[in-house]
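When you line the sequence shown up against my numbering, it's residues 5 to 261, in that order.
Following: one structure in C-alpha cells, then a few remarks.
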Amino acid sequence: MSPHVAQRNGRTATAEELAPLAFAGFAHFTAMQVRDGRVRGLDLHLDRLRTASLELFGDALPDDRIRSYVRKAIESGPADISLTVTIHQPGELEVLVRTRPPSSGPAGPLALTAVDHERVLPAIKHTGEMAKTYFRRQAVREGFDDAAFVDRRGRLSEATIWNLAFWDGDTVVWPDAGLLRGTTMGIVQRRLEGIGVPQRVQEVTLADLPGLDGAVVMNSWTPGIAVRRIGETPLPSAPAFVAALHQAYETEPLTRP
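Shown next, in the form of C-alpha cells:
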C-alpha cells in the first residue's frame with residue numbers, strides 16, 4: 005500500500021470523487037515540499053490559496069481549515085513528502101490534498117529554449133495549462149531541458165513551471181513582467197536582505213542576457229538551479245549566486261501547519 009494520500013476535505017478521496025477532477029480546468033493550487041512534517045513559507049501558500057479563491061470564485065475558505073487539511077495529510081504519511089493543495093468549486097469550495105515522494109528537482113545546469121508565450125491570469129497558479137507541458141516537450145525534442153517565456157514586449161517572464169532569477173555579479177535581478185510570484189521566490193525575496201545580498205526588479209530581454217553573470221530557475225522543489233543557456237546565449241554558472249539563493253531560502257524557518 006502506498007504511504008501517500010489523496011484527501012478530499014480532510015478524508016480519503018474515493019475514485020468516484022477524484023474522476024471529475026481529471027477534467028476540471030477551473031481550479032487553482034499550491035505545491036510545497038514538506039520536511040520532517042514541516043513547511044517553509046506556509047503563510048505564502050495560504051495567502052496564494054486565499055487570493056486565488058477570491059479571484060476565481062469570489063469566496064475563500066478560512067486559513068485554519070486549509071491548515072487542518074494539510075496537517076492531516078502530513079500526519080498520514082512519511083515525514084518528507086511533496087504536497088499539493090487544489091481548490092475547486094463543483095458546488096461549494098472543496099479542497100483536494102495529495103502527497104507524493106519528496107523532490108529536490110533536477111541537478112542542472114539547464115538549457116532553456118525561449119518561446120513567445122503569456123499565461124492567462126499569470127498571477128494565479130491555476131490548472132488546465134496545456135501550453136506549459138506542450139512547450140516543455142517541444143523544448144526537449146529540440147535538445148533543451150525546458151522553456152522560458154517571452155512576452156509580447158520581448159521581456160523574459162518565467163519558465164514553464166519555474167520562476168526565473170538573474171545575477172549581475174552583485175545583485176539578484178527579478179524579471180519585470182506578468183508572472184506567477186512563486187512561494188519559493190517570495191521566501192528568497194524576503195530573506196536576501198538578511199544575508200546582505202541586494203536585489204532589484206527590472207525588465208530583462210534576450211538582448212540583455214550577454215550582459216548578465218548568471219541565471220537560475222526556482223520553484224517549490226528548489227531555490228535555485230543554474231541555467232547554462234537561454235536560447236543561443238550561454239550564461240556563466242555563477243556558483244556564488246546559486247549558493248546565496250540557497251542560503252537565503254534556508255534561513256526561512258520550517259513551521260508545522
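For every residue, glycine included, the Cβ atom is placed at its ideal position computed from N, Cα and C.
N- and C-terminal bounds of the beta strand (DSSP E) containing residue i
i	result
Leu-87	85-92
Ala-151	150-154
Glu-98	98-104
Ala-169	167-171
Leu-160	160-163
Element boundaries [alpha helix (DSSP H), containing residue i]
i	result
Ile-191	187-195
Arg-12	Note, Arg-12: premise wrong, no alpha helix (DSSP H); beta strand (DSSP E) at 10-12.
Ala-143	134-145
CB of residue i within 9 Å of CB of residue j, strictly
i	j	result
Gly-132	Thr-226	no
Gly-218	Phe-245	yes
Val-89	His-130	no
Ala-252	Leu-160	no
Ala-163	Val-221	yes
Leu-116	Asp-150	yes
Ser-224	Thr-188	yes
Gly-112	Val-231	yes
Asp-40	Ala-83	yes
Arg-194	Glu-256	yes
Val-43	Arg-260	yes
Val-201	Val-177	no
Leu-213	Gly-235	yes
Ile-91	Ala-143	no
Leu-46	Leu-65	no
Leu-97	Gly-158	no
Phe-153	Gln-93	no
Asp-192	Leu-249	One detail in the question is off: residue 192 reads as Val in this sequence, not Asp. Yes, Cβ-Cβ distance for Val-192 and Leu-249 is below 9 Å.
Beta-bridge partners of residue i, as assigned by DSSP
i	result
Ala-111	Answer by DSSP bridge pairing: none, since Ala-111 is not bridged.
Leu-22	BP columns for Leu-22 are empty, so no partner.
Thr-259	Val-43
Asp-120	Val-154
His-130	His-32
Thr-16	Gln-11
Residue-level contact to chain C via CB, residue i, 9 Å cutoff
i	result
Ala-127	The structure shown contains no chain C, having only a single protein chain.
Heavy atom of the ligand ZN within 8 Å of residue i beta-carbon
i	result
Val-9	This structure simply doesn't include the ligand ZN, nor any ligand for that matter.
Would you mind listing the alpha helix (DSSP H) stretches within the segment 27-79 that are 4+ residues and don't spill past its ends, in chain order? Annotation note: the segment 27-79 contains the following uninterrupted alpha helix (DSSP H) runs of length 4 or greater, listed N- to C-terminal: 46-61, 67-79.
Length at least 3, wholly inside the segment 178-246: the beta strand (DSSP E) runs in chain order: When DSSP assignments are scanned along the segment 178-246, the uninterrupted stretches of beta strand (DSSP E) that are 3 or more residues long and fall wholly within it turn out to be 203-206, 218-223, 226-234.
Quick one: any contact between the segment 163-183 and the segment 122-139, if contact means 3 or more CB pairs under 8 Å? These segments touch.
Three or more C-beta pairs under 8 Å: does that hold for the segment 56-69 against the segment 134-147? Touching, no, given that fewer than three Cβ pairs across the two stretches are closer than 8 Å.
Using 8 Å as the cut-off, can you tell me whether the segment 168-177 makes contact with the segment 66-77, which would need three or more C-beta pairs spanning the two stretches below that distance? Between the segment 168-177 and the segment 66-77, the count of Cβ pairs shorter than 8 Å is below three; the stretches do not touch.
Are at least three pairs of beta-carbons, each pair with one atom in the segment 86-106 and one in the segment 32-51, less than 8 Å apart? Yes: the two stretches touch, three or more of their Cβ pairs being nearer than 8 Å.
Measuring CB atoms only, is the segment 7-21 touching the segment 93-113, in the sense that at least three cross pairs come out at less than 8 Å? Counting Cβ pairs under 8 Å, three or more are found: they touch.
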